[in-house]
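Peer 1: Residue numbers (full-length UniProt numbering), protein chains in the order written: chain A, 1 to 203; chain B, 1 to 203.
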């Protein structure tokens, strides 16, 4: 017997498609929305409805933006000759929050994952090569995640850009700030030892 | 500097209002929706838009339903003289899933919580009293949660219905099925000892 009304069931099914949301959470969210005033649900619906019409990809860095070029590519105060390559717009948001990066970005929109059928042609990699080939880039900072596919993508990019004159760099790996050394995992600790940095003022 | 486009920022703010969804999860969900085809986002938007127009409260049990009476109240196979009182439609869904309850329901839409300004008049309690006073109910099974406000609401209902001829019952409390006794919390274990049940066929 169908206890959940069809309209509610459809919303639950929609929500279950979102990442990290199972059937129980989706039901809880849908019932919450139903209990709240109709205006709140309609507001969320409206913001969803206009989302894809309002936001497009910046033609230069391929981030999500309402303007083209995006606010960063169009900002003369940012160093367009330093390009930080990230997997997703969410990674760019995280780096921007630090406030220390003054260059521009290049969003790949994924990582190379042959098992999922994602090769270089499915990502914005050709566009990165063209951007570098145009001679307007001095340094490419590869900021893919330190996961297996992230590292594989970084290696691919490094090899692809090997015969160009561009300077290549990678985010530093090591002990996270505030972490007790005895709780660091062995791979991170090994990397931190190998990549040890000299103390300023000493030789 | 605004790195997140305003339309995306509005969606993130909407999602943050949902229970259990913080800023990070909301950002992850919004970026996911943006990466998926526009049709998927619009589908979710549509289902949200029609939700409150399609679903109303059953006039008898006050559950969410597209029909009035709801599928359970309108089913002659259900025992309308046995009424299970729950806090929320989600509780009703959980009980229906067990498949063992053949009566009808009464949804309070909350619990008595004086600190939050929620007294009996804010809940469907007057309607329960009327339903019982009409003489069409033999047993009221109080199935509020075994939390402090749930127990307080149950006590209030029991007192309110004391001078009626209706039979009152409460969900059994005890050790959850499959639980190792040494991991049960002391309150649950104390309740299980106090409410011990006699073994059938013995005296």
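By construction, the Cβ of each residue, glycine as well, lies at the ideal position given by its N, Cα and C atoms.
With the cut-off set at 8 angstroms, would you say residue 104 of chain B and residue 82 of chain B are in Cβ contact?
Peer 2: Cβ atoms of residue 104 of chain B and residue 82 of chain B: closer than 8 angstroms.
Peer 1: Look up residue 150 of chain A in the DSSP assignment and say whether it is helix, strand or coil.
Peer 2: In this structure, residue 150 of chain A counts as helix in the three-state DSSP scheme.
Peer 1: In chain order, what are the residue ranges of uninterrupted alpha helix (DSSP H) at least 4 long that sit wholly in the stretch 20-69 of chain A?
Peer 2: The stretch 20-69 of chain A contains these whole alpha helix (DSSP H) runs: 23-35 and 38-54.
Peer 1: 8 angstroms is my cut-off, CB to CB: does residue 14 of chain A come that close to chain B?
Peer 2: Answer yes: the Cβ-Cβ gap between residue 14 of chain A and chain B drops below 8 angstroms somewhere.
Peer 1: Do you know offhand how far residue 187 of chain A's Cα is from residue 74 of chain A's?
Peer 2: Going by the C-alpha atoms only, they are around 40 angstroms apart.
Peer 1: Look at the alpha carbon of residue 18 of chain B and the alpha carbon of residue 169 of chain B, and state the distance between them as a whole number of angstroms.
Peer 2: Residue 18 of chain B and residue 169 of chain B: Cα-Cα distance of roughly 34 angstroms.
Peer 1: Would you say residue 156 of chain B faces chain A, with C-beta separation under 8 angstroms as the test?
Peer 2: It does not: the Cβ of residue 156 of chain B has no partner Cβ on chain A nearer than 8 angstroms.
Peer 1: Can at least three beta-carbon pairs, one atom from the stretch 42-59 of chain A and one from the stretch 37-53 of chain B, be found at a separation below 8 angstroms?
Peer 2: Because the criterion of three Cβ pairs below 8 angstroms is met, the stretch 42-59 of chain A and the stretch 37-53 of chain B touch.
Peer 1: Mind checking who residue 86 of chain A pairs with in its DSSP beta bridge?
Peer 2: According to DSSP, which records beta bridges pairwise, residue 86 of chain A is partnered with A:107.
Peer 1: Which value, in whole angstroms, describes the spacing of the CA atoms of residue 116 of chain B and residue 199 of chain B?
Peer 2: Answer to the nearest angstrom: the Cα atoms are 44 angstroms apart.
Peer 1: Would you verify that the beta carbon of residue 145 of chain A is, or is not, closer than 8 angstroms to some beta carbon of chain B?
Peer 2: It does not: the Cβ of residue 145 of chain A has no partner Cβ on chain B nearer than 8 angstroms.
Peer 1: Between A:167, A:118, A:165 and A:107, which has its C-alpha nearest residue 149 of chain A's C-alpha?
Peer 2: That would be A:118, whose Cα lies nearest to the Cα of residue 149 of chain A.
Peer 1: At which residues does the alpha helix (DSSP H) containing residue 10 of chain A begin and terminate?
Peer 2: From DSSP, the alpha helix (DSSP H) with residue 10 of chain A extends over 6-16.
Peer 1: Residue range of the beta strand (DSSP E) that residue 167 of chain A falls in?
Peer 2: From DSSP, the beta strand (DSSP E) with residue 167 of chain A extends over 167-170.
Peer 1: Just to confirm the assignment, what range does the beta strand (DSSP E) spanning residue 137 of chain A have?
Peer 2: Element bounds for residue 137 of chain A: n/a, residue is neither H nor E.
Peer 1: Grab the span of the alpha helix (DSSP H) containing residue 186 of chain A for me, first residue to last.
Peer 2: Unbroken alpha helix (DSSP H) run through residue 186 of chain A: 186-194.
Peer 1: Interface residues of chain B around residue 65 of chain A at Cβ under 8 angstroms?
Peer 2: Chain B residues near residue 65 of chain A: 5.
Peer 1: If we define contact as Cβ-Cβ less than 8 angstroms, is residue 45 of chain B a contact residue for chain A?
Peer 2: So, interface residue.
Peer 1: For chain A, find out if any of its Cβ atoms is closer than 8 angstroms to the Cβ of residue 41 of chain B; answer yes or no.
Peer 2: So yes, residue 41 of chain B belongs to the interface.
Peer 1: If you draw a straight line from the alpha carbon of residue 262 of chain A to that of residue 41 of chain A, how long is it in whole angstroms?
Peer 2: Absent from the model: residue 262 of chain A. The displayed extent of chain A is 1 to 203, so no value can be given.
Peer 1: Which of the three DSSP states, helix, strand or coil, is assigned to residue 198 of chain B?
Peer 2: Note: residue 198 of chain B maps to coil in three-state DSSP.
Peer 1: Which chain B residues sit within Cβ distance under 8 angstroms of residue 28 of chain A?
Peer 2: Simply 19, 20 and 90.
Peer 1: I think residue 206 of chain B touches residue 156 of chain B, with their Cβ atoms under 8 angstroms apart; what is that distance to the nearest whole Å?
Peer 2: With chain B represented from 1 up to 203, any question about residue 206 of chain B goes unanswered, as that position is not in the structure.
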